[in-house]
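A.B. asks: Before I ask anything, here is the structure I am working with.
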Amino acid sequence: MSKFLERCKGNKDSVGAYAVQCGECSKWRFIPTKEEFESIRHNFIEDPWYCNKKPGVTCDDPADLEYDNTRIWVFDKPNIPKAPPNTERMLIMRRDCSKMDAHYIMPNGKKVRSGVEVEKFLEAYPEYKGKISPSSFSFTVPKVMDERSPRKFEAKASPSSNKRLKISTKKE
DNA sequence: GCCACCGGTGGC
DNA sequence: GCCACCGGTGGC
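The working numbering applies: residue 436 is where the first sequence begins, and numbers increase by one.
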């Protein structure tokens, strides 16, 4: 048990902040926690997000942040299942910021990197069978926007998308 | 010996 | 061309 806590402490993921784009005014708003972000994300297509879902906020308020080069932006796919109870979905940025890697920390502190590894985990620890559904894991990684090519950046900035993002803390 | 990290690749 | 997945390894 203490092993689990130690691991978690040192095993922070690379995301520095979470934000979501309003489906009405297209402004970006911070989402305070990973848990809340994952809740918004898991059914984002059927249930898009609007400014007024944030307490005391409307579309008339200025955006929390702008989509620009001052941060490294990383766009999630919508409708990624919420991480199962007592598991945590981790996203780790590569040193060169080329891409991220996804894994989950399981309730006993073990790490899994793919659906196959989830199956192997459930074989190795059958006490979790039935409690943890293999289908609620997603190893899809977010898309890293390339800050060195502004053209690509601007192209992706057009608000046709219903995507949302994360921002890494990576300090340059 | 472990594990974080990175490179390669096969399938789409 | 992209990306999910996995093997190798270097540093601890």
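Virtual Cβ for every residue (Gly too), placed ideally from N, Cα, C.
To the nearest angstrom, report how far apart residue 471 and residue 461 are at their CA atoms.
C.D. replies: When rounded, the distance between both Cα atoms is 19 Å.
A.B. asks: Nearer than 7 Å: is that true of the beta carbon of residue 549 relative to any heavy atom of the ligand GDP?
C.D. replies: This structure does not include the ligand GDP; it has no bound ligands of any sort.
A.B. asks: Return the Cβ separation of residue 489 and residue 464 in integer angstroms, given the expectation that the two are a contact with Cβ distance under 8 Å.
C.D. replies: Contact holds; Cβ gap of about 6 Å.
A.B. asks: On the three-pair Cβ rule with 8 Å, is the stretch 519-527 touching the stretch 558-572?
C.D. replies: Cβ pair count under 8 Å is three or more, so yes.
A.B. asks: If we ignore side chains and look at the alpha-carbon of each, how far apart do residue 452 and residue 556 end up?
C.D. replies: Distance between the alpha carbons of residue 452 and residue 556: 30 Å.
A.B. asks: Would you identify the three-state DSSP class for residue 559, choosing helix, strand or coil?
C.D. replies: Reduced to three states, the DSSP call for residue 559 is helix.
A.B. asks: Given this structure, state the Cα-to-Cα distance separating residue 525 from residue 450, to the nearest angstrom.
C.D. replies: Using only the alpha carbons, I get a separation of about 9 Å.
A.B. asks: What are the start and end residues of each continuous alpha helix (DSSP H) run of 4 or more residues lying completely inside the stretch 461-530, in chain order?
C.D. replies: With a minimum length of 4 residues, the continuous alpha helix (DSSP H) runs that stay inside the stretch 461-530 are 469-477.
A.B. asks: What span of residues does the beta strand (DSSP E) with residue 536 cover, start to end?
C.D. replies: Per DSSP, residue 536 belongs to the beta strand (DSSP E) from 535-540.
A.B. asks: Nearest by alpha-carbon distance to residue 482: which of 496, 456, 491 is it?
C.D. replies: Nearest of 496, 456, 491 to residue 482, Cα basis: 456.
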